[in-house]
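Q:
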Amino acid sequence: KAGVTQTPRYLIKTRGQQVTLSCSPISGHRSVSWYQQTPGQGLQFLFEYFSETQRNKGNFPGRFSGRQFSNSRSEMNVSTLELGDSALYLCASRPGTSTTPRETQYFGPGTRLLVL
Amino acid sequence: KNEVEQSPQNLTAQEGEFITINCSYSVGISALHWLQQHPGGGIVSLFMLSSGKKKHGRLIATINIQEKHSSLHITASHPRDSAVYICAVSNFGNEKLTFGTGTRLTIIP
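So the protein lines, in turn, are chains A and B. Take the first sequence: its position 112, counting from 1, is numbered 112 in our numbering, and each next residue is one higher. Take the second sequence: its position 23, counting from 1, is numbered 23 in our numbering, and each next residue is one higher.
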């Protein structure tokens with residue numbers, strides 16, 4: 001099976017712009033989670049989508065949003081970019097079987113966003 | 001105090017040495033995950049465990065639920081083991097991961 005893919009891999013934006021990142025999970029996986037990694041804060045959970053519904057959300061402002069499509073592909077959007085949004089954005093997928101809450105997550109390669 | 005604490009933050013060792021990385025957590029968890037991140041950013045899940053011990057090749061992970069502590073061991077370390085090792089916990093009721101700050105491991109040939 002193909003792994004988790006993320007596009008684009010690198011992105012440069014300026015303050016005030018918005019950005020959309022895409023994540024394609026492993027085939028058959030229904031859960032997609034998004035994470036932000038910065039040198040200062042480390043890895044932080046953004047949100048999780050399961051069957052097109054947001055199931056969990058981290059402590060990020062409303063400028064960060066996401067969605068999931070019927071084929072389980074997910075996008076996250078950041079509006080009104082700030083310098084501090086520069087980070088590596090990772091998505092991870094897992095099967096999401098409802099009776100197995102503890103599942104290995106499979107990470108994508110990440111999108112490196114630089115905000116100037 | 002962070003929910004997940006790792007030690008040491010940095011570790012340099014000679015090839016062949018036995019490596020131990022520690023993780024302590026302060027909340028109830030459904031599972032603990034050990035992740036490996038190589039330069040460039042890609043993350044690989046090494047172990048997910050909720051009790052006892054797991055082994056995969058030269059890697060061993062243990063967890064003590066009562067003491068809220070886990071260890072990752074690497075036997076016969078090799079330069080290709082050089083990476084950042086991250087401990088993460090998932091909470092009861094959801095799969096939101098909370099991460100430790102990572103241990104940067106460097107193995108010198």
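For glycine and all other residues, C-beta sits at the position ideal for the given N, C-alpha and C. Remember, it's a predicted structure, so these values are computed and weren't measured experimentally.
How is Arg104 (chain B) classed by DSSP in three states: helix, strand or coil?
A: Three-state result, Arg104 (chain B): strand.
Q: Is the Cβ-Cβ distance between Leu114 (chain A) and Gln17 (chain A) less than 7 Å?
A: No.
Q: Per DSSP, which one or two residues make a beta bridge with Arg45 (chain B)?
A: Per the sequence presented here, residue 45 (chain B) reads as Ser, with Arg not at that position. According to DSSP, which records beta bridges pairwise, Ser45 (chain B) is partnered with B:Leu35.
Q: Using a Cβ-Cβ cut-off of less than 8 Å, list which residues of the region 45 to 64 of chain B approach chain A; keep chain order.
A: Residues passing the 8 Å Cβ filter: Ser45, Met48 and Ser50.
Q: Step through the CB atoms of chain A and report whether any lies within less than 7 Å of the CB of Ala13 (chain B).
A: No, because no Cβ of chain A sits closer than 7 Å to the Cβ of Ala13 (chain B).
Q: Please go through the same chain and pick out, in chain order, the residues whose beta-carbon is closer than 7 Å to the beta-carbon of His78 (chain B), but skip the five residues on each side of it.
A: These residues qualify, in order along the chain: Glu15 and Ile107.
Q: For the 8 Å Cβ check, are there 3 or more pairs between the region 88 to 96 of chain A and the region 106 to 113 of chain A?
A: These segments touch.
Q: Cα separation between Leu46 (chain A) and Thr62 (chain B)?
A: Distance between the alpha carbons of Leu46 (chain A) and Thr62 (chain B): 28 Å.
Q: Does the Cβ-Cβ distance between Tyr35 (chain A) and Ser74 (chain A) come in under 7 Å?
A: No, these two residues do not count as a Cβ contact at 7 Å.
Q: Spatial neighbours of Met76 (chain A) within its chain, please: C-beta separation below 6 Å, excluding the five flanking residues on both sides.
A: Hits under 6 Å: Leu21, Trp34 and Gly66.
Q: Between the Cα of Gly40 (chain B) and the Cα atoms of A:Glu103, A:Tyr10, A:Lys1 and A:Val4, which residue gives the shortest distance?
A: The residue with the shortest Cα to Cα distance from Gly40 (chain B) is A:Tyr10.
Q: Report the option in A:Cys23, A:Ala2 and A:Ser51 whose CA atom is closest to the CA atom of Gly96 (chain A).
A: Answer by Cα proximity: A:Ser51.
Q: With 16 as the cutoff for other CB atoms within 10 Å, does Leu105 (chain B) come out buried or exposed?
A: Per the 10 Å Cβ criterion, buried.
Q: Evaluate Gln66 (chain B) with the Cβ neighbour count: other Cβ atoms within 10 Å of its Cβ, from every protein chain shown; 16 or more gives buried, anything less gives exposed.
A: By the 10 Å Cβ count, Gln66 (chain B) comes out exposed.
Q: Excluding sequence positions up to five away, which residues of its chain have a Cβ less than 7 Å from the Cβ of Gln44 (chain A)?
A: Same-chain partners within the cutoff: Tyr35, Gln36 and Gly58.
Q: Just verifying my parser: in three-state terms, what is the DSSP assignment at Gly84 (chain A)?
A: Gly84 (chain A) falls in the helix class under three-state DSSP.
Q: 7 Å is my cut-off, CB to CB: does Leu32 (chain B) come that close to chain A?
A: Not closer than 7 Å to any Cβ of chain A, the Cβ of Leu32 (chain B) fails to qualify, so no.
Q: Which residue's Cα is closest to the Cα of Gln36 (chain B): B:Glu3, B:Ser26, B:Ile21 and B:Ser50?
A: If we check each option's Cα against that of Gln36 (chain B), B:Ile21 comes out closest.
Q: Going along the chain, which residues of the region 32 to 51 of chain A sit with their C-beta nearer than 8 Å to a C-beta in chain B?
A: For the region 32 to 51 of chain A, which is checked against every Cβ of chain B, the residues closer than 8 Å are Ser33, Tyr35, Gln37, Gly42, Leu43, Gln44, Phe45 and Glu48.
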